[in-house]
Ligand SMILES: Cc1ncc(COP(=O)(O)O)c(C=O)c1O
């Protein structure tokens with residue numbers, strides 16, 4: 001037994017972990033302690049857009065270490081966080097950015113800001129989320145998450161949060177009201193819920209309902225943002241401008257970082273002392289995140305994601321035609337779901353044995369989230385392994 005396998009028992013077993021213990025990474029491959037290389041179509045669940053050991057990240061990490069300052073406090077100014085916030089504002093609808101440490105924390109903050117901005121009246125506090133949603137594991141984020149098995153053991157959750165079917169107009173109109181609703185939160189492409197691309201028409205209707213109700217529209221782009229769908233932000237493809245966008249996952253290039261992007265109306269209502277977090281936007285993480293963001297925001301880089309996304313769509317269409325158990329393929333850019341008529345876990349385990357990493361999005365959907373730097377030949381290699389495993 002290696003030291004690594006002996007020590008595994010000390011971790012709380014809330015995850016069913018696959019067998020190998022990874023020690024290194026290189027490009028789109030993770031390398032196990034015995035030297036076996038795995039092609040990675042998970043990328044840390046949409047976290048590592050530049051794959052592993054990328055020179056831009058190595059250089060940024062070295063620069064950040066060189067300063068000797070990993071952390072100050074948000075009571076003091078540091079340049080990296082200010083500069084990264086300015087870059088996010090330059091590339092989006094937002095006027096201001098709040099940095100935090102994770103996706104759930106970003107959504108919790110967005111709910112607070114919505115209540116502050118849209119609900120000065122004590123009864124205009126409700127938050128509406130949609131069927132199939134996943135917004136995180138903390139109490140309010142969990143209340144907005146449509147997964148009974150994640151919620152029920154931990155009830156009571158935060159009150160005032162309801163989940164509505166986005167395709168049921170009557171239910172939406174009943175749920176989103178001027179009197180009670182502070183915010184509506186939506187993933188433009190639902191990740192954990194099965195890779196569901198919400199039709200732009202649905203998002204446009206939500207925008208109108210929010211306008212009428214004077215409620216904030218929050219796009220949770222924690223999984224689908226930052227180039228994953230082929231545009232820097234997923235909202236760019238929807239014809240809708242939200243009031244807030246939450247980001248995390250790939251934002252910090254593997255370091256824990258989240259952000260809330262917001263418009264002037266929301267930002268203008270938030271007062272000093274309303275919200276805070278010890279680590280958010282510290283100089284180390286912000287230096288690395290900003291360096292990565294400059295790569296992701298490059299139009300040539302994004303065009304490459306779109307082009308390989310179209311290639312993947314065509315290749316998955318062929319796979320569906322050849323494999324009877326594939327009932328649907330759906331996605332955008334380099335975020336794809338393959339729905340099977342059977343449970344996907346055995347397929348995921350077979351793929352692992354063939355040194356391909358993929359994960360599920362629910363019991364019947366295989367999710368593909370490769371690094372955005374993946375080449376067409378690596379995509380082809382991984383998809384042919386997957387086809388064999390089906
Ligand atoms: C869309 C979405 N929102 C929120 C979260 C929660 O993020 P975190 O795990 O960083 O709290 C996730 C994580 O999977 C997510 O996919």
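In the numbering used here, the protein residues as written are 1 to 390.
Just so it is clear, CB atoms sit at the ideal spot from N, CA and C, and this is done for glycine as well.
For residue i, count neighbouring Cβ atoms within 10 angstroms of its own Cβ and tell me buried if that reaches 16, exposed if not.
i           : result
residue 154 : exposed
residue 84  : buried
residue 292 : buried
residue 42  : buried
residue 113 : buried
residue 102 : buried
residue 261 : buried
residue 1   : Bear in mind that the predicted position of residue 1 carries a pLDDT of just 45, short of 50, making it too unreliable to give a figure here.
residue 190 : buried
residue 12  : exposed
residue 375 : exposed
residue 250 : buried
residue 223 : buried
residue 246 : buried
residue 30  : buried
residue 404 : For residue 404 there is no data in the structure shown, the boundaries of the chain being 1 and 390.
residue 24  : exposed
residue 34  : exposed
residue 311 : exposed
residue 331 : buried
residue 180 : buried
Measuring alpha carbon to alpha carbon, tell me which residue in the options is nearest residue i.
i           : options            : result
residue 287 : 63, 21, 35         : 63
residue 356 : 221, 110, 10, 20   : 20
residue 173 : 309, 142, 211      : 211
residue 149 : 164, 344, 132      : 132
residue 17  : 345, 384, 366, 225 : 345
residue 111 : 329, 82, 267       : 267
residue 168 : 206, 240, 354      : 206
residue 382 : 39, 22, 31, 184    : 39
residue 341 : 328, 269, 264      : 328
residue 67  : 282, 363, 188      : 282
residue 313 : 379, 285, 259      : 379
residue 301 : 45, 49, 34, 31     : 49
residue 354 : 137, 37, 243       : 37
residue 198 : 166, 178, 180, 215 : 166
residue 177 : 360, 350, 162      : 162
residue 388 : 202, 352, 73, 370  : 352
residue 319 : 274, 9, 384, 285   : 384
residue 367 : 290, 204, 46       : 46
Is residue i near ligand 1, in the sense that its beta carbon is under 7 Å from a heavy atom of that ligand?
i           : result
residue 132 : no
residue 362 : no
residue 263 : no
residue 169 : no
residue 108 : no
residue 191 : yes
residue 223 : yes
residue 102 : yes
residue 220 : yes
residue 248 : yes
residue 187 : yes
residue 136 : yes
residue 45  : yes
Who are residue i's beta bridge partners in DSSP?
i           : result
residue 190 : 196
residue 38  : 30
residue 365 : 339
residue 331 : 336
residue 52  : 27
residue 183 : 127, 216
residue 246 : 220, 260
residue 96  : 262
residue 326 : 340
residue 164 : 130
residue 45  : Answer by DSSP bridge pairing: none, since residue 45 is not bridged.
residue 22  : 32
residue 357 : 40
residue 106 : In DSSP, residue 106 forms no bridge with anything.
residue 255 : 253
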